[in-house]
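Quick note, our numbering runs 1 ahead of the 1-based positions in the sequence shown.
Shown next, in structure tokens, is the structure this report addresses.
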Amino acid sequence: MKQNRISYALMIALAGTVALAACKKKEEPVAAPPAATEPAPAPAEPAPAPAPAVSATSVTVGNAAAADKSVAAVSTFTPKDKIIVSVKTDASVPANANIDAKLTFQDGQVAGQKAQAVKAEDAGTTNIEFTNANPWPAGKYKVDVTLDGQPVGMTQEIEVK
Numbered sequence: 002m003k004q005n006r007i008s009y010a011l012m013i014a015l016a017g018t019v020a021l022a023a024c025k026k027k028e029e030p031v032a033a034p035p036a037a038t039e040p041a042p043a044p045a046e047p048a049p050a051p052a053p054a055v056s057a058t059s060v061t062v063g064n065a066a067a068a069d070k071s072v073a074a075v076s077t078f079t080p081k082d083k084i085i086v087s088v089k090t091d092a093s094v095p096a097n098a099n100i101d102a103k104l105t106f107q108d109g110q111v112a113g114q115k116a117q118a119v120k121a122e123d124a125g126t127t128n129i130e131f132t133n134a135n136p137w138p139a140g141k142y143k144v145d146v147t148l149d150g151q152p153v154g155m156t157q158e159i160e161v162k
């Protein structure tokens with residue numbers, strides 16, 4: 002009898018285990034919702050480059066400056082003339098700027114280069130003078146001006162006779 006009781010107890014335990022296993026809900030794997038396929042946002046347009054605070058409005062090359070720093074344009078110089086590069090600037094707001102003028106001889110040699118730092122407020126004129134202890138060699142020269150390292154796009158050609 003003892004064996005029947007043990008077998009009977011084991012049978013009940015086994016039936017209970019099977020019943021519990023059968024009642025347990027199967028957990029379905031939770032599928033992630035499909036990713037929304039939204040179109041990629043359009044790339045933002047780059048902000049326009051800020052306008053420079055100082056701009057060059059004209060470049061004039063001459064050999065004499067008036068009291069208001071204006072220079073009458075001259076394209077032919079004598080070997081003993083002073084060469085004056087006059088740069089008119091306009092500033093939207095007061096700002097510091099660097100003006101650089103370069104004289105290049107017809108063979109490509111730099112005959113002179115000078116820079117001047119200016120405090121630009123509204124419209125103004127900056128004159129850069131080139132003199133030579135010896136007479137200027139006869140020939141053609143090119144005058145290039147940059148404002149804060151950027152060419153102002155107003156190359157002038159002069160000649161020494």
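Don't be surprised by glycine CBs; every beta carbon is placed ideally from N, CA and C.
It should be emphasised that the depicted structure is a prediction, and the values quoted were computed from it without experimental measurement.
{"Asked": "When you compare the CB positions of VAL88 and THR127, do they come within less than 8 Å of one another, or not?", "Found": "yes"}
{"Asked": "Looking at C-beta atoms only, is the number of pairs between the segment 108 to 121 and the segment 73 to 80 that lie closer than 8 Å three or more?", "Found": "no"}
{"Asked": "Among the residues of its own chain, which have a CB less than 6 Å from the CB of LYS70, if the five just before and after it don't count?", "Found": "THR126, ASN128"}
{"Asked": "Whole beta strand (DSSP E) runs in the segment 58 to 110 with 3 or more residues, listed along the chain?", "Found": "84 to 92, 96 to 106"}
{"Asked": "With burial defined as no fewer than 16 other Cβ atoms inside 10 Å of the residue's Cβ, what is the status of ILE13: buried or exposed?", "Found": "exposed"}
{"Asked": "Shortest alpha-carbon distance to ALA112 belongs to which of TRP137, ASP101, THR90, ASN97?", "Found": "TRP137"}
{"Asked": "Which same chain residues end up closer than 6 Å to ALA66 when comparing Cβ atoms and leaving out the 5 residues on each side of it in sequence?", "Found": "VAL72, ILE85, ASN128"}
{"Asked": "Restricting to Cα atoms, I'd like to know which of LYS83, VAL55, THR58, ALA54 is closest to ASN64.", "Found": "LYS83"}
{"Asked": "Taking all protein chains shown into account, do 16 or more other C-beta atoms lie within 10 angstroms of the C-beta of ASP101, making it buried, or fewer, making it exposed?", "Found": "buried"}
{"Asked": "Nearest CA to the CA of GLU130: which residue from THR147, GLY140, LEU104?", "Found": "LEU104"}
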